[in-house]
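In my numbering, the protein residues as written are 135 to 469.
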Amino acid sequence: MAQAELITEMVRAHTLGDERRWRNLLSQLIAAESRAGHTRQAARLRALLAEAKTAEPERSSRQSVGGPVPLARAPRDLADVLDVRYSDVQLADLVLPDELRGSVQRVLDEQRQAGRLAEHGLMARRRLLLHGPPGCGKTMAAHALAGELKLPLARVRLEVLFNRYLGETAATLTDIFDHIGRVRAVYLFDEFDALGKHRSDEFDVGEAKRVVGTFLQLLDACDSDSLIVAATNLGETLDSALLRRFDDVLEFPAPTVEARALLLRRLLRTVPVGGDEVKKLAKQSEGLSFAEVQAAVDNARKAAILDDREFPSLNEIDAEVRLRVRGASLKTGRA
């Protein structure tokens, strides 16, 4: 984003009372000044940012309790393809293998220290591809990135982009990337395989090929400080030219029995269930994703609430898990 645009957006954020966005824009201005070699000005701006953060608790205490926090909004012409919200998910909320957790943490560390990296001519990771089976944490990881960085999460609704804008998809993508350049956020391109199937696919029409080409050009030209996250269940179907554009390609594997047990312990922390019983449930949930395990527990909890009970019984949870396993078997054709 050009400096003049940054300042304009800062004034707009201040006028709207959106302190979070104002601080995010000021951070971008600091990074831009650092990249330009204006170290003294960058230092003055950092001091101003620190002063603003110190004053924020005092300012908040003077405001009415429970007042709404202004949310980022998609521009009117993109309102149906950009779903914008804030996230309170943290990295600690995710159940991830240690190596994958370390990779996500590294992205967060670089984003938080982007200004320091820029002073040395380096750029923080900002283009991520997340792939793996459905329900295994990809979308939640995007929520965690936004929550940890205190940035808006903007989900690009590719299904709407293709279905409603047939013939105009490339032009709408250009508008989306213009927004990415103006407003710093975590932009999630979910179900990315809808965009990135092999361009050599004999069933691809010319429109899809043009869209992929446009996306590649826009991604190459994008110098925004925003974080671009693409998530797909079908990483093997993606065009190699797309894969090369990402700073990190992170695999989210199907959960192991240990990972399912950890999730169950978290979900059942208020339920009187022993460790051995949790392990048994974890084994019985073989083949289920994190999302399916959570859905099973949620269904058991809902039954208890509607029956005026404080928590579900072990038998209810077990029955919901078994029901989900049978459903998963039907989907995959297993006996």
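Built from N, CA and C at the ideal position, the CB exists for glycine as well.
For residue i, the residue or residues it bridges with in DSSP
{"i": "Phe323", "result": "Val290 and Ala364"}
{"i": "Arg219", "result": "Leu287"}
{"i": "Glu385", "result": "His265"}
{"i": "Leu402", "result": "According to DSSP, Leu402 bridges with nothing at all."}
Candidates the options, of which the one nearest residue i by Cα
{"i": "Lys413", "options": "Glu392, Ala429, Pro406 and Leu401", "result": "Glu392"}
{"i": "Ala226", "options": "Gln245, Leu448, Glu385 and Gly271", "result": "Gly271"}
{"i": "Ala288", "options": "Pro268, Gly269, Ile310 and Ser374", "result": "Ile310"}
{"i": "Met274", "options": "Leu160, Lys343, Val238 and Val407", "result": "Val238"}
{"i": "Leu295", "options": "Gly266, Phe326 and Leu256", "result": "Phe326"}
{"i": "Phe424", "options": "Gly409, Val459, Leu352 and Lys436", "result": "Val459"}
{"i": "Glu420", "options": "Ile439, Asn433, Gly408 and Leu398", "result": "Leu398"}
{"i": "Phe445", "options": "Arg403, Leu368 and Ala258", "result": "Arg403"}
{"i": "Gly347", "options": "Phe380, Leu376, Tyr220 and Lys284", "result": "Leu376"}
{"i": "Leu396", "options": "Val427, Ala258 and Phe380", "result": "Val427"}
{"i": "Glu253", "options": "Ala177, Asn297, Ala181 and Ala304", "result": "Ala177"}
{"i": "Asp382", "options": "Pro389, Leu361, Asp357 and Asn367", "result": "Leu361"}
{"i": "Asp312", "options": "Ala278, Glu293, Leu352 and Arg291", "result": "Leu352"}
{"i": "Val229", "options": "Ala453, Leu401 and Gly409", "result": "Leu401"}
{"i": "Arg250", "options": "Ala364, Gly171, Arg394 and Pro389", "result": "Gly171"}
Burial state of residue i (16 or more Cβ within 10 Å)
{"i": "Arg155", "result": "buried"}
{"i": "Arg318", "result": "buried"}
{"i": "His148", "result": "exposed"}
{"i": "Leu212", "result": "buried"}
{"i": "Gly269", "result": "buried"}
{"i": "Asp354", "result": "exposed"}
{"i": "Ile451", "result": "buried"}
{"i": "Glu233", "result": "exposed"}
{"i": "Val145", "result": "exposed"}
{"i": "Gly236", "result": "exposed"}
{"i": "Ala181", "result": "exposed"}
{"i": "Ser248", "result": "This sequence places Ala at residue 248; Ser is not what is there. The residue in question, Ala248, is buried, as its Cβ has 16 or more Cβ neighbours within 10 Å."}
{"i": "Pro286", "result": "buried"}
{"i": "Pro387", "result": "exposed"}
Backbone CA spacing between residue i and residue j [nearest angstrom]
{"i": "Asn158", "j": "Glu143", "result": "11 Å"}
{"i": "Leu350", "j": "Glu282", "result": "28 Å"}
{"i": "Pro406", "j": "Ala276", "result": "32 Å"}
{"i": "Val431", "j": "Val455", "result": "8 Å"}
{"i": "Arg261", "j": "Ala416", "result": "34 Å"}
{"i": "Ala166", "j": "Gln137", "result": "8 Å"}
{"i": "Asn449", "j": "Asp441", "result": "15 Å"}
{"i": "Ala328", "j": "Thr173", "result": "44 Å"}
{"i": "Leu163", "j": "Val215", "result": "28 Å"}
{"i": "Lys436", "j": "Asp222", "result": "23 Å"}
{"i": "Asp359", "j": "Ser447", "result": "49 Å"}
{"i": "Leu307", "j": "Leu242", "result": "26 Å"}
{"i": "Leu256", "j": "Ala280", "result": "22 Å"}
{"i": "Ala462", "j": "Leu422", "result": "7 Å"}
{"i": "Thr303", "j": "Val345", "result": "7 Å"}
{"i": "Ile141", "j": "Cys356", "result": "19 Å"}
{"i": "Leu368", "j": "Tyr220", "result": "27 Å"}
{"i": "Thr366", "j": "Gln418", "result": "27 Å"}
{"i": "Ser161", "j": "Glu293", "result": "33 Å"}
{"i": "Ala434", "j": "Glu411", "result": "16 Å"}
{"i": "Arg240", "j": "Ala258", "result": "10 Å"}
Any non-hydrogen atom of the ligand NAP within 6 Å of residue i CB
{"i": "Gln351", "result": "As presented, the structure is devoid of all ligands, the ligand NAP included, so that no description of it is given."}
Taking contact to mean at least 3 C-beta pairs separated by less than 8 Å, is the stretch 360 to 373 in contact with the stretch 250 to 266?
-> yes
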